[in-house]
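Since the structure comes first, as structure tokens, the remarks are kept for the end.
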């Protein structure tokens, strides 16, 4: 499997990417793209199927672009993700023997998403069609948490809305519907908190524009459409692995870069003597303040700014850093920023194996060696891969 979800086929020594195929299969297809050294093939027939091929659970699979791998056995998916991470680290990260652990499956492969962002088409929640910008209206979604699956059935006609976000707390069972555009007349019948998405946040319409979720014993406030991990058992695993990698002690200062609402600062940070958290988003920064207080962390500092700028304002050092950057990764400026105090360890939480691999090569130039990487399957049946990595200062 290639990073991006397609299988890699070879014919006469040339590599082709085949969407919908599984490693080990003999297939026929039509060449759609030929770039000389590689190409893309549209799958036509599967002559010899893989033992890992299974029947997709969703009737929209193959057309809807939300999932890419429902045709594959789940145990096989976990290994594909481990291999993809190892391949990216070897190719882009220039690591001769990537120390990639087995992929962690935090929970069931269906019914896991506590949040889903939809567009609206034909009055229904919709996702983009596979390999297209066209929208597919949906009446159900197999990867939604049961609270949201039930809510989706009750939404009714959403005409007039442009987009809709569904969220739930797996702790309290509460749900939140955030609407961009017209609020449907039947919103009061949903039995949910409802808010309107505005240019600078959310406006409560019914109930509060927030939820509470408990991870690793800490109850987090999550406002509106603010970022929080979409898989709650997966968030528990990320915290567990980050704590293992950080090995924070009571005399340490922990820097949480790209802190969001404080998932790591409020959990792993409990073992530290001091926490410094950096978050650029204003809504997330307010949640971060509340969540650090809720976690009982007494000695902390929050800097609201881009991480690269915030580092220049800091007049203190940190012993360990946890960095959870956006998909583009740290890059040169981010690597320079988080390593500026020469911390003894860096915990890197990544949502993209390619950017992780590129940053691994950069971190090596700055004297940080990769100890281990653990993929966590936050998004079963998709090609998306979350990883927790530990880097140690070599000199």
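Numbering (the numbering used here), first residue to last: 677 to 1071.
C-beta atoms are modelled at their ideal positions from N, C-alpha and C, and glycine is treated no differently.
In this text the structure is predicted, and so the values were computed from the model without any measurement.
| Check | Outcome |
| --- | --- |
| Contact the region 954-974 vs the region 1052-1071: 3+ CB pairs below 8 Å | no |
| Sequence-distant residues of the same chain with beta carbon closer than 8 Å to residue 829, five excluded per side | 815, 816 |
| Per DSSP, the bridge partner or partners of residue 820 | 789 |
| Under 8 Å between C-beta atoms of residue 990 and residue 952 | yes |
| Continuous beta strand (DSSP E) stretch holding residue 838: start and end | 837-844 |
| Beta-carbon contacts of residue 702 that lie in its chain and below 7 Å, excluding the five residues immediately before and after | 723, 724 |
| Simplified DSSP assignment, three categories, for residue 750 | helix |
| Per-residue burial, residue 912 [other beta carbons within 10 Å of its own, 16 or more giving buried] | buried |
| CB contact flag (residue 788, residue 760, <8 Å) | no |
| Test item: CB-CB of residue 1011 and residue 1048 under 8 Å | no |
| Neighbourhood of residue 791 by C-beta distance below 6 Å, restricted to the same chain and skipping five residues each side | 843, 906 |
| Cβ-based neighbour list, residue 822, same chain, cut-off 8 Å, excluding 5 preceding and 5 following | 787 |
| Three-way DSSP call (helix, strand, coil) for residue 881 in this model | strand |
| Rounded straight-line distance, which links the Cα of residue 950 to that of residue 744 | 42 Å |
| Contact set for residue 757: own chain, Cβ-Cβ below 6 Å, skip 5 residues either direction | 779, 1051, 1061 |
| Where residue 1018 sits in the DSSP three-state scheme | coil |
| Beta-carbon gap between residue 796 and residue 914 smaller than 8 Å | no |
| Residues that residue 801 bridges to, as DSSP identifies them | 796 |
| Inter-residue CB distance, residue 1008 and residue 1038 (contact presumed, cutoff 8 Å) | 6 Å |
| Boundaries (first-last residue) of the beta strand (DSSP E) holding residue 908 | Unbroken run through residue 908 is the alpha helix (DSSP H), 908-922; no beta strand (DSSP E). |
| Residue 627 classed as buried or exposed, judged by whether at least 16 other C-beta atoms fall within 10 angstroms | Residue 627 is absent from the structure shown; the chain starts at 677 and stops at 1071. |
| Reduced DSSP category for residue 777 - H, G, I as helix; E, B as strand; rest coil | coil |
| 7 Å CB neighbourhood of residue 1018 in its chain, flanking five on each side removed | 1069 |
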